[in-house]
Structures are given as structure tokens and as C-alpha cells.
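Take a look at the structure below.
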Amino acid sequence: MIYLALCDDEEQSLAVLKKRVDALLREHGIHAEITGYSQSRLLQYEIEEGKYFDLVLSDIEMPCIDGMQLAEYIKKHLPEALIIFITSHMKYVIDAFELSIFRYVPKNSMDSRFSHALLDAVKMIETRSDQTYCIDMPTRMEKIPYRKIRYIERDGKNSVINLTDGSAAKVRKSLSNVSKELDSEDFVFIDRGSIVNIQHIMKIINGCVELEGGVRLFASRARLDELKKRVSAFWGERI
1 MIYLALCDDE EQSLAVLKKR VDALLREHGI HAEITGYSQS RLLQYEIEEG KYFDLVLSDI
61 EMPCIDGMQL AEYIKKHLPE ALIIFITSHM KYVIDAFELS IFRYVPKNSM DSRFSHALLD
121 AVKMIETRSD QTYCIDMPTR MEKIPYRKIR YIERDGKNSV INLTDGSAAK VRKSLSNVSK
181 ELDSEDFVFI DRGSIVNIQH IMKIINGCVE LEGGVRLFAS RARLDELKKR VSAFWGERI
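Now the structure itself:
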């Protein structure tokens, strides 16, 4: 079961969106609970009260709490939730990259782009629940979801896996071996001693890579161009 929230202050648009989402998910045999909100503050209140969503589809320009403010709130309280903006106002796209928005769908391109955006989001939700890095040591056994890995750094002959909750796990393996075991394009070397999860990159300025949570790491000159290409491609998939 996937839990979706739809938010649009125009009730007619909200009803049309809900009908479209429901029809598309049924067509593909995807079981979902869909809740619509014509007031963004009501959605924010229900999240505050503990309601969970895997995916939120929202307009941007709304009264009281706009889509940008709503997305910022969601990222703080439901960091694993994906957000799709359905909007006529693409001028906000660049500003919203720091919020790691999954996809943007212009309202005038709904027929050509909406179904791909929604199904891609569902696929990611279903896939990432299965992607885990396994630590199997004499004193410790643990499965770590890929999405919770922010970056990995070398510590002598060990590797330290830094997680989104601020904790860390040390494994007695080289960084190269950990990278091979991850076997995912989401993880990229930024220098010989650090691997970052592209999903958590907020910006790159003068070789400084800023991750969610305010973490700053420096990329080597030799790897900077390739890193920028990878990040640009990753972000480009969301527009």
C-alpha cells in the first residue's frame, strides 16, 4: 500500500487530479490510499499529528502556506516522502532544488508528463524499500537502507558510513569494496577518501559539496567535473 496526499487550493483542480491519479494507479494494479487537501495548512496539521505519506503531489502557489513552504515542512517531518510539484509556475524550479523535489510537472504538459512522473515515483518508493547495505560482522549485523546513507568516508583501513539521523557505522572494509557492494549510480566518489549519495547533495560551490543537514565535503579537482555531470543528470531527471 502506498499513501498519497494531493494538495491544491482549487477544489475543481483537486478533484480532477484525484480522479486522474486513481485511474492511473488502478490501471497499473497499484494499491494506494489517496487523500486530497484543498488547504495546505490542513495537510501540514495532519502530518504534525502523525499522518504518514509516501508521496505528496502539490501545487506551488497557494494561500497561507504555499507549496515551497509545505515542501520544506514535509522534508523536516517526513524526510523519506517524495514530492511532485504540479504547477504553472516553473520559475520556482531552481529555488526548490534544495528541497530535493522528486519531479516537476507543468500543468500545460499533464498529458505527456504526468503519468511518467507518478509511475517513476511509485517505482522508486517500491524499489528503495528493498535496497539496503548489509553489515555482517562478528559483533554487529545490520541492514541500512540506501536512502539513509548520506556519505561514506575512509578511516584508515575501515569505512565509516554516515547516516541521515546523524549516527555512523564503521565497517572493516576498504572504501573501494564498499562502493562495489553498493553497486549503485547514486553513490559517487568525490575524492579518494569520500563517497556521497547524490540524493543528498544540495549544492556544489567552488569544489565544496554541501549535503542535507549542513554537511560540507570537498571534492578533488580530478573528480569535480564528473561529479557535476552526475549531479546535473540526477537533477535533470526531476524537471
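Each residue of the sequence shown is one higher than the one before, counting from 1 in my numbering. Here a beta-carbon is modelled for each residue, glycine too, at the ideal position from N, C-alpha and C. A quick note: this is a predicted structure, and the numbers were derived from the prediction, not measured.
Counting along the chain, where does the alpha helix (DSSP H) carrying residue i start and finish?
i, result
"residue 120", "110-128"
"residue 14", "11-27"
Below 7 Å CB to CB, which residues in the same chain sit around residue i once its five sequence neighbours on both sides are set aside?
i, result
"residue 202", "98, 210, 211 and 212"
"residue 188", "195, 196, 198, 227 and 230"
"residue 141", "135"
Which of the three DSSP states is assigned to residue i in this structure?
i, result
"residue 36", "strand"
"residue 84", "strand"
"residue 234", "helix"
"residue 177", "helix"
"residue 225", "helix"
"residue 62", "coil"
"residue 170", "strand"
"residue 219", "coil"
"residue 1", "coil"
"residue 73", "helix"
"residue 78", "coil"
"residue 142", "strand"
So residue i and residue j are supposed to be a Cβ contact under 8 Å. How far apart are they, rounded?
i, j, result
"residue 2", "residue 86", "Not really, about 17 Å apart at Cβ, beyond 8 Å."
"residue 43", "residue 70", "7 Å"
"residue 55", "residue 81", "7 Å"
"residue 115", "residue 24", "6 Å"
"residue 37", "residue 7", "5 Å"
"residue 53", "residue 78", "6 Å"
"residue 58", "residue 83", "7 Å"
"residue 47", "residue 30", "About 22 Å; that fails the 8 Å criterion."
"residue 175", "residue 152", "7 Å"
"residue 122", "residue 113", "Going by Cβ atoms, the distance from residue 122 to residue 113 rounds to 15 Å, so no, they are not a contact pair."
"residue 218", "residue 236", "Rounded, the Cβ-Cβ distance is 24 Å, inconsistent with contact."
"residue 66", "residue 39", "Contact flag wrong, Cβ pair sits at about 12 Å."
"residue 193", "residue 223", "With 8 Å as the limit, residue 193 and residue 223 do not qualify as a contact, their Cβ atoms being about 11 Å apart."
"residue 128", "residue 215", "Not confirmed; about 21 Å, so no contact."
Mind checking which residues open and close the beta strand (DSSP E) that includes residue i?
i, result
"residue 153", "149-155"
"residue 203", "201-205"
"residue 136", "132-137"
"residue 191", "187-191"
"residue 30", "Unbroken run through residue 30: none, as it is neither H nor E."
"residue 194", "194-197"
"residue 161", "158-163"
"residue 210", "208-211"
"residue 104", "103-106"
Starting from the C-beta of residue i, find all residues in its chain whose C-beta is less than 6 Å away, skip the five residues before and the five after it, and write them out in chain order.
i, result
"residue 168", "160 and 162"
"residue 145", "132"
"residue 173", "159"
"residue 35", "5"
"residue 41", "64 and 65"
Short of 8 Å in beta carbon distance, which residues of its chain neighbour residue i, apart from the five on each side in sequence? Order them along the chain.
i, result
"residue 72", "99"
"residue 165", "148"
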